[in-house]
Amino acid sequence: MAARAGLILLEKNAALEVNVELLSTELRRYEVQHRELQMEVQSLRDQHKAAVLEVQAAHKEVKVLQTSHRKERAAWHSSEEASQQQLRSLASELRAQQQLHQNSSSTTPLPHESQNNANFAKPSSSDDDPLSEDPRVTLLQTENDLLQTHLSQVLLELSQLQV
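As structure tokens, then:
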């Protein structure tokens, strides 16, 4: 009986050794998996840090762009105001010149105008409009047309910049 009990103990011992070997192998496999997971976690942490730095850099760039946009907009607004003021000034100057011309042509004819009047016959359409003979009127009208064209172009550019 003691021999039999010894054999049973030997079989149980062998089974336990096999069990210990299996558990030891499984433990090593889990340790390897644990190391791999630790490396993956570290990689994910590094990616997270890089993403955070990238987001911070993007926020800084957005702030720089916003500041730049504000400065450009202020400069554009200032330029627009200056252009509008210049246009108003030119328009009032043109009106003043036209008024001055109308006043001077209606009160006193110029010496070269009286010579021109003597040398040339008036067309029937100009009998009603004494200003049509004066070459300065034509020049002022041409200048007015140019200023109107320039005004239209500036307004078009301003409307395009606002879009």
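Each number in my numbering corresponds to the 1-based position in the sequence shown with 37 added. In this text, a Cβ means the ideal position worked out from N, Cα and C, and glycines have one as well. Just so we're clear, the structure is a prediction, and the values are computed from it rather than from any experiment.
Where does Met38 sit, in a helix, a strand or coil, going by DSSP?
-> coil
In terms of residue numbering, what span does the alpha helix (DSSP H) encompassing Asp182 cover?
-> 172 to 199
With a cut-off of 8 Å, do at least 3 Cβ pairs link the stretch 189 to 198 to the stretch 104 to 120?
-> yes
Between the CA atoms of Ala87 and Leu102 - distance to the nearest angstrom | 22 Å
Note down the Cα distance separating Met76 from Ala40, rounded to an integer number of angstroms.
-> 53 Å
Look at the alpha carbon of Glu180 and the alpha carbon of Leu124, and state the distance between them as a whole number of angstroms.
-> 13 Å
Cut-off 8 Å between Cβ atoms - residues of its own chain near Leu177, not counting five sequence neighbours on either side = Leu131, Gln134, Gln135, His138
Leaving out the 5 sequence neighbours to the left and right, which residues in its chain are closer than 7 Å to Arg173 when beta-carbon positions are compared?
-> His138
Give a yes or no on whether the minimum CB-CB distance between Ala128 and chain C is below 8 Å.
-> The chain labelled as chain C is not found in the depicted structure, where only one protein chain is given.
State the Cα-Cα distance for the pair Leu44 and Val57, rounded to the nearest angstrom.
-> 19 Å
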